[in-house]
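Read the structure below first, then the notes.
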Amino acid sequence: MKQKTIIQLWGKHGCGKTGTIKILREELIVRYINPLHSYIIPLPLGEISDVLTCGGYKIGIESMGDYLWRFNLHDRLNDYVFAHNCDIIICASRVYNDVSAHIEHLANTHGYRLLKVTNYRGDDPPFDRDELNKQSAIHLLDLINQIILGII
Numbered sequence: 000m001k002q003k004t005i006i007q008l009w010g011k012h013g014c015g016k017t018g019t020i021k022i023l024r025e026e027l028i029v030r031y032i033n034p035l036h037s038y039i040i041p042l043p044l045g046e047i048s049d050v051l052t053c054g055g056y057k058i059g060i061e062s063m064g065d066y067l068w069r070f071n072l073h074d075r076l077n078d079y080v081f082a083h084n085c086d087i088i089i090c091a092s093r094v095y096n097d098v099s100a101h102i103e104h105l106a107n108t109h110g111y112r113l114l115k116v117t118n119y120r121g122d123d124p125p126f127d128r129d130e131l132n133k134q135s136a137i138h139l140l141d142l143i144n145q146i147i148l149g150i151i
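Letter 118 of the sequence shown, counting from 1, is numbered 117 in numbering that gives the first Met the number 0, and no numbers are missing.
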């Protein structure tokens, strides 16, 4: 039985949430849609908003998480629930802001489990932010796979 889940990637401004979500989207495409798909890091600038079907699950992906009412983010988050009926929603937010509160509201009122996660972070240098984001995305990909398999 599918358990609807929101995975909220949260953190402060500039910590790599968008980069991690972009890589996760590409990894989902490679694993579930087109194994020949390839991409290079760093990915292009800008936010992403997408819906993919992976293993029979509809997955909403939203990298913007700074301001709920900017660029129709409020409506897009609602659309993942109402218009697209996503089984899994991956979205970014700041630690505590109106986006985070709205994500919690959607989870609590529409039967979604809410899992709050963070990405790997370290000073650049000695750590390479793109590599940390890639490792974070791969771990999120494994988490999503476990949700799809019904393990989590």
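Ideal Cβ placement from N, Cα and C applies to all residues, glycine included.
Beta-carbon within less than 8 Å of residue i's beta-carbon, same chain only, minus the 5 sequence neighbours each way: which residues are those?
i: glycine 152; result: As shown, the chain starts at 0 and ends at 151. That puts residue 152 outside it, with no answer to give.
Below 8 Å between beta carbons: does that hold for residue i and residue j?
i: leucine 42; j: lysine 21; result: yes
i: glycine 15; j: leucine 131; result: yes
i: leucine 67; j: valine 98; result: yes
i: alanine 91; j: leucine 8; result: yes
i: aspartate 49; j: isoleucine 60; result: yes
i: isoleucine 6; j: leucine 148; result: no
Which residue or residues does DSSP assign as beta-bridge partners of residue i?
i: glutamine 7; result: Cys90 and Lys115
Between which two residues does the beta strand (DSSP E) harbouring residue i extend?
i: aspartate 49; result: 48-53
i: tyrosine 56; result: 56-61
Between the C-alpha atoms of residue i and residue j, what's the straight-line distance to the nearest angstrom?
i: aspartate 123; j: valine 94; result: 21 Å
i: aspartate 127; j: proline 34; result: 26 Å
i: isoleucine 146; j: arginine 112; result: 11 Å
i: glutamate 46; j: histidine 83; result: 19 Å
i: isoleucine 88; j: threonine 52; result: 12 Å
i: aspartate 65; j: asparagine 71; result: 12 Å
i: isoleucine 151; j: glycine 54; result: 15 Å
i: proline 125; j: histidine 12; result: 20 Å
Excluding the 5 residues flanking residue i on each side, which residues of the same chain have their C-beta closer than 6 Å to its C-beta?
i: isoleucine 28; result: His36
i: arginine 120; result: Cys14
i: leucine 139; result: Leu23
i: alanine 136; result: Thr19, Ile22, Leu23 and Glu26
i: tyrosine 79; result: Gly59, Cys85 and Ile88
i: aspartate 129; result: Ile40 and Pro41
Within the continuous alpha helix (DSSP H) that includes residue i, where are the two ends?
i: histidine 104; result: 97-108
i: tyrosine 79; result: 72-80
i: histidine 138; result: 128-147
Got a sec? Which residues, its chain only, sit under 7 Å from residue i by beta carbon, not counting five neighbours each side?
i: histidine 101; result: Leu67, His73 and Leu76
i: threonine 17; result: Glu46, Ser62 and Ala91
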